[in-house]
Amino acid sequence: MLLASQVFSLTALLWAVIPFVGASNQPRGFKKPLTPSVDPFYTPDDGWELTPPGTILKSRRVAIASIVQGVPTALESAHQLLYRTTNGRGLPNYAMNTVLIPYGAQLDLLASYHVGYDSPNNDCSPSYGIQLGASTNSSETLIELVVGMLPYLKKGIPLSVPDYLQRTAAFMVGQSAAYAVLDSLRAVRNSKNITGISEDAITTIHGYSQGALAALYAGLYRRSYAPDVRIDGAALGGMPTNISEVFYAVEKTISAGLAAASLMGIAHVYPELRAYIDKHLLPKYRPLYEITQQECIADFYKPVYGYAVHLIGQNVSTWFDNGRAIISDNIELFNFVGVPGLLGKPDFPMFIWRGTDDEVAVGIEEHDALVQRYCDEGLAIEYLRVHKTLHTPTIPFGLPGAHDFAARVFKGKPPTKCTTNDLWP
Ligand SMILES: *[C@@H]1O[C@H](CO)[C@@H](O)[C@H](O)[C@H]1NC(C)=O
Ligand SMILES: *[C@@H]1O[C@H](CO)[C@@H](O)[C@H](O)[C@H]1NC(C)=O
Ligand SMILES: *[C@@H]1O[C@H](CO)[C@@H](O)[C@H](O)[C@H]1NC(C)=O
Ligand SMILES: *[C@@H]1O[C@H](CO)[C@@H](O)[C@H](O)[C@H]1NC(C)=O
């Protein structure tokens, strides 16, 4: 009896804390989801290459997980759209998008939410980790569902959650992310008879870290790649301004795995980098390098799992027979895929937040300078600098501002000038 009542009060507590968890409008015939590499829904039918980017190749209903294992998030409906896109080298590719429709949805609004899943393995994509019954090995998505996505859903904002690294898991390739985000928005625009979302929905985009790079690159490529796509504003946090600097910054730290995973992800798109790595990687380090695609970044329910955990303290340059030449020899490629400041400017207002002591996305001066340049070029940016704060701890300080910014864009009242706020937590 005692046990039963304890279980009851625990359940009551969880329901109080997470009011969005509960009975949901589930698709019928629920089965435990398969990982993308074995789920046939992730492969399009023949002829997909010939369709225009943004074409919906397949669609289905899914049930969405919550932070409580086995319990769904309550939603009006959730859909997955397999859609045609373009990879970082301009070749046809495809990706999965998950669309969440809350109860009482305002179907003339849309937020594109970019999870920082940091993985060169497509099985770690948000479209898998967000499904009810999926393994928690892609639990980054669940954490972001709770802290980042639920505040939108509670306000009735439909969400589009693309696997923006595409099926080739092009971790750190800005162009792949840009095209995937832009085509996911086209797919949503083509989905009115599936999702109900209006074709001309006011659209904001949101992301932290790699998710922020995806959002910014989408802005940088919108006019050339997808001028038909509407983006009304962006909320970006913890954004790296130069990925080569990230490689150096994470050497021998708890984030060292990110450097190895980035190399793996970029090599998935650019065969010249793959060949370079195959030539210079010392054989005894190959097993460590491969961990980046054998395991997702981390599992918040299982502390000994994840490439981040296994590669803590590594100096990835020492894995190569020529050390840091892995970076300098490939600097043009890394500048191309991971220095947004080299590529024009976006054309929408933004809320940008950043920890001044970010140890992963290093270089607050360069970041300040990029924001200043955009302001000088006429963009309206609300900039929040969170002082003396590291990468992950900065996330919660910016989320309220990010959600508030989106709410104002949705009301047709985006910021019209640049402002800077300094927060000393
Ligand atoms: C939605 O409309 C498209 C094009 O008009 C059609 O091909 C597709 O089958 C429709 N999908 C559903 C689920 O009705
Ligand atoms: C990015 O950082 C690397 C390493 O410091 C540097 O060599 C490179 O020139 C930087 N790229 C740009 C475009 O400034
Ligand atoms: C994640 O877990 C699923 C289910 O246990 C497993 O099939 C899959 O291989 C795992 N993926 C990775 C990348 O660890
Ligand atoms: C990492 O290794 C390179 C040589 O491969 C070395 O130059 C660098 O100082 C090392 N980094 C740290 C933090 O020890």
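Residue numbers (mature numbering (1 follows the signal peptide of the UniProt record, and there is no 0)): -23 to -1, 1 to 402. Just so it is clear, CB atoms sit at the ideal spot from N, CA and C, and this is done for glycine as well.
beta-carbon residue i near ligand 4 non-hydrogen atom, thresh 6 Å
i: residue 35; result: no
Ligand 1 heavy atom lying under 6 Å from the CB of residue i
i: residue 307; result: no
Residues of its chain near residue i, where Cβ-Cβ distance is below 8 Å and the 5 sequence neighbours each way are ignored
i: residue -2; result: Note on residue -2: pLDDT 48, under 50, position unreliable in the model; the coordinate value appears next. Cβ within range, chain order: -9, 48, 49, 51.
i: residue 10; result: 16, 39, 105, 108, 109, 110, 111
i: residue 27; result: none
i: residue 250; result: 240, 243, 244, 307, 310
i: residue 299; result: 257, 306
i: residue 304; result: 221, 224, 225, 294, 311
Cut-off 6 Å between Cβ atoms - residues of its own chain near residue i, not counting five sequence neighbours on either side
i: residue 113; result: 276, 278
i: residue 167; result: 33
i: residue 396; result: 359
i: residue 39; result: 55, 57, 108
i: residue 463; result: Residue 463 lies beyond the range of the chain shown here (-23 to 402); nothing can be said about it.
i: residue 207; result: 180
i: residue 157; result: 62, 72, 139, 141, 143
i: residue 69; result: 26
Near ligand 3: residue i beta-carbon under 6 Å from a heavy atom
i: residue 104; result: no
i: residue 112; result: yes
i: residue 269; result: no
i: residue 12; result: yes
i: residue 117; result: no
Below-7 Å beta-carbon distance, residue i vs any chain B residue
i: residue 334; result: Looking for chain B here will not work: only one protein chain is present.
Closest residue to residue i among the options (Cα-Cα distance)
i: residue 238; options: 281, 166, 142, 152; result: 142
i: residue 259; options: 242, 283, 269, 294; result: 294
i: residue 186; options: 241, 158, 335; result: 335
i: residue 387; options: 179, 311, 98, 131; result: 179
i: residue 349; options: 207, 224, 394, 257; result: 394
i: residue 223; options: 124, 158, 340, 30; result: 340
i: residue 282; options: 14, 30, 101, 365; result: 101
i: residue 21; options: 148, 147, 60; result: 60
i: residue 315; options: 90, 240, 130; result: 240
i: residue 231; options: 374, 288, 216; result: 288
i: residue 65; options: 154, 133, 130, 44; result: 154
i: residue 216; options: 173, 29, 330; result: 330
i: residue 37; options: 321, 77, 45, 320; result: 77
i: residue 345; options: 337, 133, 332; result: 332
Same chain, Cβ closer than 7 Å to residue i, neighbours up to 5 away in sequence not counted
i: residue 290; result: 229, 233
i: residue 92; result: 103, 117, 118, 121, 138, 188
i: residue 392; result: 326, 357, 359
i: residue 301; result: 294
i: residue 159; result: 195, 198, 199, 202, 203, 206
i: residue 35; result: 18, 21, 59
i: residue 254; result: 240, 244
i: residue 246; result: 64, 65, 66, 145, 147, 150, 153
i: residue 268; result: 284, 287, 288
beta-carbon residue i near ligand 2 non-hydrogen atom, thresh 6 Å
i: residue 222; result: yes
i: residue 337; result: no
i: residue 286; result: no
i: residue 316; result: yes
i: residue 98; result: no
i: residue 312; result: yes
Complete alpha helix (DSSP H) runs within the segment 203 to 256 (minimum length 4 residues, chain order): 220 to 226, 234 to 246
I'd like the ranges of any alpha helix (DSSP H) spanning at least 4 consecutive residues and lying wholly in the segment 285 to 369. 302 to 305, 308 to 315, 341 to 353
So if I measure from each beta-carbon to every heavy atom of ligand 4 and keep distances below 7 Å, which residues remain? 228, 229, 292, 294, 295, 300, 301
What are the start and end residues of each continuous alpha helix (DSSP H) run of 4 or more residues lying completely inside the segment 112 to 173, in chain order? 117 to 121, 127 to 131, 151 to 166, 169 to 172
Taking a cut-off of 6 Å, which residues have a beta-carbon closer than that to any heavy atom of ligand 1, in chain order? 170, 171
Only counting runs of 3 or more residues, tell me where the beta strand (DSSP E) segments fall wholly within the segment 33 to 114, in order along the chain. 33 to 38, 54 to 63, 69 to 78, 86 to 91
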